[in-house]
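Below: one structure, written as structure tokens.
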Amino acid sequence: MPELPEVETTCRGIAPSLVGRRVERVVVRERRLRWPVPRGLEGRLTGRAITSVRRRAKYLLIGTEAGTLIAHLGMSGSLRVLDQDAPTIAHDHVDIVLDSGRCLRFNDPRRFGCLLWVEGDPTRHALLAGLGPEPLEEGFGGDYLWSRARGRRVAIKLFIMNAQVVVGVGNIYASEALFRAGIRPSTPACRVSRQRMQALAAAISDVLGEAIKVGGTTLRDYVNPDGLPGYFRQRLFVYERAGEPCRRCRTPIRQVVQGQRSTYYCPRCQQ
DNA sequence: ATGGGCACCTGGCTGC
DNA sequence: TGCAGCCAGGTGCCCA
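Numbering (the numbering used here), first residue to last: -12 to 258.
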């Protein structure tokens, strides 16, 4: 479920219920996530006040005076704020119970997500240290993308999905951004002109920004547990539309596989 | 350094 | 109805 807009929506949704609260206890029902939930996480968190909730790439950083909980939702994870005695369902792996009587509950059927603990500056953690710029912040743009693409022969779609280049561009929005920019996903990154990189960078920012906006109106202090949140699905131009007419030129949308993932594009609009 | 492929998991859907 | 096969919004790691 989670791409950047979903993670950002989660971040905004849970933050008001967390910041300023103290952790009363931590319940771990399943430690086997992508990496095991660290032994001792319970002890490190219990009694701590939560001072911040931030996002970096698709990682959520839940800060306390003692250290930071790094959370990633993987492909199927969610974080929701519930009453502490709300009945659990399958794959509710971890509860962080707050002094408000509510709890932050981590659910993840596929267990590709993770919960880790780091002391000191979380951005120096190995998972975060090498990440590229945020697509909605300073430092990201066409010139940047173009300069990073020198000598890179990977397909442009895989290039923009590489978190070392730019973070937060997942499989849906990669296809959508390339459609908006009119670029064929298989084009080698080094062969995309500077001008088209400008269009691509703008498309990436636009698509993600729009999706965040829609997610924000759908979700408040909870996290939508199902599928594409709310209303972005109907604004997709190509994703999961194989064989259907292009919304711009009516040519049937094509589906191909790149890097073991589905890519969708319009063969006419994207040359 | 780069690029390609695999791995980790469960669940939902399709088609026989 | 049952079951095999395929697909899924991520990303770290291993190998050539």
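Backbone N, C-alpha and C fix where the C-beta goes; we use that ideal spot for every residue, glycine too.
Query                                                                                                           : Result
PRO23 vs LEU195 beta-carbon contact at 9 angstroms                                                              : no
DSSP bridge partner residues for LEU48 (one or two, in chain order)                                             : ARG41 and ILE57
C-alpha distance - GLY138 paired with GLY128, whole-angstrom precision                                          : 18 angstroms
Run of the beta strand (DSSP E) containing ASN149, from where it starts to where it stops                       : Premise fails: ASN149 is in no beta strand (DSSP E) and is neither H nor E.
Cross-strand partners of TYR251 (DSSP beta bridge)                                                              : GLN242
At least three beta-carbon pairs within less than 8 angstroms, the segment 115 to 135 to the segment 175 to 189 : yes
Cα-Cα separation between ARG18 and THR51, rounded to whole angstroms                                            : 21 angstroms
Whole-Å CB distance - PRO172 paired with GLN245, under 8 angstroms assumed                                      : 6 angstroms
Candidates ASN149, CYS253 and TYR218, of which the one nearest PRO232 by Cα                                     : CYS253
ARG89 versus ARG255 - alpha carbon distance                                                                     : 52 angstroms
contact_flag[the segment 83 to 103, the segment 119 to 126] where n(CB pairs < 8 angstroms) is 3 or more        : no
Beta bridge counterpart(s) of LEU85 as assigned by DSSP                                                         : VAL10
Length of the line joining the Cα atoms of SER249 and GLN242                                                    : 7 angstroms
Cβ shell of VAL40 (< 8 angstroms), same chain only, five flanking positions each side left out                  : CYS(-2), ILE1, ALA2, LEU5, VAL6, LEU47, LEU48, ILE49 and GLY50
Whole-angstrom distance between GLY30 and GLY157, CA atom to CA atom                                            : 34 angstroms
Environment of ASP108 [buried if 16+ CB atoms lie within 10 Å]                                                  : exposed
Where PHE99 falls: helix, strand or coil (DSSP)                                                                 : coil
Residue span of the alpha helix (DSSP H) that contains VAL201, given as start and end                           : 181 to 205
Proximity below 9 angstroms, CB of VAL155 to CB of PHE99                                                        : It is Gly, not Val, that sits at residue 155 in the sequence shown. Not closer than 9 angstroms, so no.
Opposing strand residues paired with ALA2 [DSSP bridges]                                                        : BP columns for ALA2 are empty, so no partner.
Exposure label - SER(-5); buried when at least 16 CB within 10 Å                                                : Per the sequence presented here, residue -5 reads as Glu, with Ser not at that position. Classification of GLU(-5): buried, given that the 10 Å Cβ count is 16 or more.
Status (buried if at least 16 other CB within 10 Å, exposed otherwise) for GLN257                               : buried
Three-state secondary structure (DSSP) of GLU(-7)                                                               : helix
Test item: CB-CB of ALA186 and GLY169 under 9 angstroms                                                         : yes
Rounded straight-line distance, which links the Cα of GLU227 to that of ASP193                                  : 20 angstroms
Cβ pair VAL259, VAL14 closer than 9 angstroms                                                                   : With the chain covering only -12 through 258, there is no way to say anything about residue 259.
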